[in-house]
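K.L.:
Sharing a structure with you now.
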Amino acid sequence: MTFRVVRTNQYNQDLGFIHSTNGNHLESPNEGSSIDHQVTIHLHAQNITMFPTNETCCYKGRVGKEVSILEREQQLQRCDNHSLRNTVTLYHNDIDRRISQLVEAKKEHKSTQVALEASHMTIVGLTEIGLQDDNGAPAPFDDKWEEEPEEDPEEERLEDIPIDEGDIVDE
């Protein structure tokens, strides 16, 4: 691969170069050396060469390796970011699952507490009945109904009629 430096005559004259007698290259009036040599020196000063050298090939190889390493690291970082996003999503899902489990456990605890209170009240009532039976007290609710003795129906009729003053009552 060759590089060619092409400059117009006007540009070369502005720089102070003149045509050589043989027409193949330009010469500087001050130094008497060829312009090709001066351009090469100038390009070397700028770390540019007209022709590829072993140094530029090595440099290009190293830069290529660095670029590929950086691209690989960038790809790994993208994968890491994607993996990190997935991990965060998993943690959020796990936290949501645990919260819902806690809510369910709280509801179950409340229903169990209500059932225990009902059982406690039943036990207290049965204990009171048992203590009353031991002391000989009548049970508050027996299935045996005591019937009242019947009275004479005539007496009920007489008692029901009000007696005013001055009325004669036959007894």
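Residues in the sequence shown are numbered from 1 upward in steps of one, following the working numbering.
Beta carbons are placed, not taken as given, at the ideal position from N, Cα and C, and that holds for glycine.
A quick note: this is a predicted structure, and the numbers were derived from the prediction, not measured.
Note down the Cα distance separating Leu70 from Asp96, rounded to an integer number of angstroms.
P.N.:
38 Å
K.L.:
Could you check if Glu27 is buried or exposed, using at least 16 other CB atoms within 10 Å of its CB as the buried criterion?
P.N.:
Note that Glu27 scores 49 on pLDDT, short of 50, meaning its location in the model is unreliable; the coordinates nonetheless yield the value given after this. For Glu27, the number of other beta carbons within 10 angstroms of its own is at least 16, and it is reported as buried.
K.L.:
With a cut-off of 7 Å, does the C-beta of Val114 fall near any C-beta of chain C?
P.N.:
Within the model displayed, chain C is absent; a lone protein chain is all it includes.
K.L.:
In whole angstroms, give me the CA-to-CA distance for Arg98 and Leu84.
P.N.:
21 Å
K.L.:
DSSP state of Asn135, grouped into three classes?
P.N.:
coil
K.L.:
Just the C-alpha distance for Val88 and Asp94, rounded to the nearest angstrom, thanks.
P.N.:
When the Cα atoms are used, Val88 and Asp94 turn out to be separated by approximately 10 Å.
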